[in-house]
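Under the numbering used here, the sequence shown is numbered contiguously, ending at residue 450.
Report on the following structure.
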Amino acid sequence: MAISQSLAILLLVLCLPGTTLAFLSPNNHQHASSARVTTSPSIVRHGLEATSYNDNDNDNNNNSVVDRRAAMERAGGVALSSLLLSSGIVATNPKMANADANFDDGKKKRILITGSNSGIGLDAAQRMALRGHEIVLACRTLEKANAAIDKIETNIANDSEDAVDANTLLKSLKLTPMECDLADLSSIDEFVKSLPNQSFDAVCYNAGLARNTGATDVAHTKQGFELTVGTNHLGHFYLNHLLLRSSLVDKEGGRIVVTASSVHDPDSPGGAQGETATLGDLKGLERAAADGSGRFDMVDGAEFNAYKAYKDSKLCNVLFARELQRRLDAEEGCNIKANCFSPGLIVGTGLFRDQNQFFTKVFDVAATKLLKVGETTHYGGGALEYLALSTEVEGKGGLYYYSSPGSSKYGEDAYGKQFHPSEVSKEALESDGGKGKRFWELSEKLVGI
Numbered sequence: 002m003a004i005s006q007s008l009a010i011l012l013l014v015l016c017l018p019g020t021t022l023a024f025l026s027p028n029n030h031q032h033a034s035s036a037r038v039t040t041s042p043s044i045v046r047h048g049l050e051a052t053s054y055n056d057n058d059n060d061n062n063n064n065s066v067v068d069r070r071a072a073m074e075r076a077g078g079v080a081l082s083s084l085l086l087s088s089g090i091v092a093t094n095p096k097m098a099n100a101d102a103n104f105d106d107g108k109k110k111r112i113l114i115t116g117s118n119s120g121i122g123l124d125a126a127q128r129m130a131l132r133g134h135e136i137v138l139a140c141r142t143l144e145k146a147n148a149a150i151d152k153i154e155t156n157i158a159n160d161s162e163d164a165v166d167a168n169t170l171l172k173s174l175k176l177t178p179m180e181c182d183l184a185d186l187s188s189i190d191e192f193v194k195s196l197p198n199q200s201f202d203a204v205c206y207n208a209g210l211a212r213n214t215g216a217t218d219v220a221h222t223k224q225g226f227e228l229t230v231g232t233n234h235l236g237h238f239y240l241n242h243l244l245l246r247s248s249l250v251d252k253e254g255g256r257i258v259v260t261a262s263s264v265h266d267p268d269s270p271g272g273a274q275g276e277t278a279t280l281g282d283l284k285g286l287e288r289a290a291a292d293g294s295g296r297f298d299m300v301d302g303a304e305f306n307a308y309k310a311y312k313d314s315k316l317c318n319v320l321f322a323r324e325l326q327r328r329l330d331a332e333e334g335c336n337i338k339a340n341c342f343s344p345g346l347i348v349g350t351g352l353f354r355d356q357n358q359f360f361t362k363v364f365d366v367a368a369t370k371l372l373k374v375g376e377t378t379h380y381g382g383g384a385l386e387y388l389a390l391s392t393e394v395e396g397k398g399g400l401y402y403y404s405s406p407g408s409s410k411y412g413e414d415a416y417g418k419q420f421h422p423s424e425v426s427k428e429a430l431e432s433d434g435g436k437g438k439r440f441w442e443l444s445e446k447l448v449g450i
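And the structure:
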């Protein structure tokens, strides 16, 4: 038996006794902060913030809400183990390429990223800021947005050759912390009102949350929407409406990037575990729109299931991106392009936080170092950066980008190769037109458009 298969089986056995996979937010660039530069950088700080949501808005209580990655393979050890068993041994010296050839940083761009205080959003913000672009970090609270900027400063300082190099980079940063709570439409209103009358070259709808899979209570947003779909889809839907209505996305080539997930597809390894994603006949949304309450538990009208709610929200993201592109194409003189993507299975220091440390370390090393079926946060951030800025994506819209498990082993060279346009789920594909159109109309009614 191959070494990879033997280790995978061992990991599977360790997973089975009543444990649950919990892919929590990996820490990003958490270096030892022994040489932080204290010189004040030239950073734009004003205004507002969206993500790292919590049911009771208490950041110290992580039992009810966790990061998007928490739902990737959360149904049980079988999901990830199936990836491990099929992976085989991989090359240890993959080709690394200079990705700068795919980027034109001559014109400095203005970019909005929701959920930029952690995970791939934070990584993408740092990547693009280092290219000289202006980044608006929209987070759930202004405190989180400011903390994100502090993390970026610290990362850059620690990664710099010396203090002079660090100070030069820090002074060049253009980072704006803002508050935008996607679980509250009034907060989104205030966020857009606070924006200067200057269009964005790229808007990244990246924020997301997932309830604990064992949750049985139905949490709601300020307006009464089920929390997961209300935040991950309806919050972004309303924000997108306001930005486009206010002409805050460049019509001559602006980009809209939506962070989705492969779990939207029941035929994917992660999507096949537990309750699978489906919006059914939209009965839950239909009822909420008809009675005017806006309250719904599940999009399809079924009994609440926290794990399925997350998967459904990712399917909503895919349908939203595809229907949005159809509508943008129908608008005369508009050259805005919208795409969505899956950042892959991201594991790291947050993996199995409820398991013993030995198991956590063994699985982390096996998945990311030996078998290389997981992705790094840096890889996910690069995927977001690629869709927002790469010249290879210019003029392309309505697509879903995906890469096979473990593609981060190819480094920056994966973008445009291993990470490429792929098929969406059957339901998403069949929703083009009728169901996608109705889904959009119901979303409009719920947010009051």
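Ideal Cβ positions, reconstructed from N, Cα and C, are used throughout, including at glycine.
Model, not experiment: these values are computed from the prediction.
For Gly396, the number of other beta carbons within 10 angstroms of its own is below 16, and it is reported as exposed. In the three-state reduction of the DSSP assignment, Cys317 falls in the helix class, which pools H, G and I. His421: member of the beta strand (DSSP E) spanning His421 to Ser423, first to last residue. Thr392 counts as exposed, since fewer than 16 other C-beta atoms from the protein chains shown sit within 10 angstroms of its C-beta.
Look at His134 here: in three-state DSSP terms it is coil, with no helix or strand label. In the DSSP assignment, Ile337 is bridged to no other residue. Residue environment for Val165: exposed (fewer than 16 other C-beta atoms within 10 angstroms of its C-beta). Taking the CA atoms as reference points, Glu135 sits about 19 Å from Ala208. Per the DSSP secondary-structure output, Pro178 pairs in a beta bridge with Leu138. The continuous alpha helix (DSSP H) containing Ile157 extends over residues Leu143 to Asp160. Rounded to whole angstroms, the gap between the alpha carbons of Leu371 and Gly407 is 10 Å. Here Asn198 is exposed, its C-beta having fewer than 16 other C-beta atoms within 10 Å. DSSP, read as helix, strand or coil, puts Thr260 in strand. In the DSSP assignment, Thr115 falls within the beta strand (DSSP E) that extends over Arg111 to Thr115. Secondary-structure assignment with DSSP links Val204 through a beta bridge to Leu113 and Ile257. Per DSSP, the beta-bridge partners of Ser391 are Phe104. Taking one beta carbon from each stretch, the segment 316–326 and the segment 419–434 have 3 or more pairs nearer than 8 Å; the two touch. Arg246 sits exposed, since fewer than 16 C-beta atoms from the chains shown fall within 10 Å of its C-beta.
Nearest to Leu138 by alpha-carbon distance, out of Arg132, Gly122, Leu131 and Gln326, is Gly122. Here Ala261 is not near Tyr380, since their CB atoms are 8 Å or more apart. Residue burial is scored here from C-beta neighbours: Arg323 has at least 16 other C-beta atoms within 10 angstroms and is therefore classed as buried.
At the C-beta level, Arg132 and Asp202 stay beyond 8 Å of one another.
The three-state reading of DSSP puts Val300 in coil, since its state is none of H, G, I, E or B. Shown here, Glu191 sits in a helix according to DSSP, grouped into three states. Each residue's CA atom was taken as its position, placing Thr277 and Lys108 some 43 Å apart.
Contact between Ile157 and Leu170 holds, since their C-beta atoms are separated by about 5 Å, short of 8 Å. If you look at Tyr411, you'll find it isn't in any alpha helix (DSSP H); DSSP assigns it neither H nor E.
Residue Ser117 holds the alpha-carbon nearest to the alpha-carbon of Asp151 among Gln419, Cys181 and Ser117. As the crow flies, the alpha-carbon of Ile153 is around 18 Å from that of Glu180.
For Gly345, the closest alpha carbon among the candidates Asp266, Lys438, Leu186 and Gly281 is that of Asp266. For Leu235, same chain residues with a beta-carbon under 7 Å away, outside a window of 5 residues either side, are Phe226, Ser444, Leu447 and Val448 in chain order. Residue nearest to Lys223 within the set Lys252, Leu183 and Arg128 is Leu183 (criterion: CA-CA distance). Counting the other Cβ atoms within 10 Å of the Cβ of Ile450 gives fewer than 16, which makes it exposed. Straight-line measurement puts the Cα of Ala130 at about 22 Å from the Cα of Ile337. Check the Cα spacing between Val204 and each of Thr279, Asp292, Glu333 and Asp251: the tightest is with Asp251.
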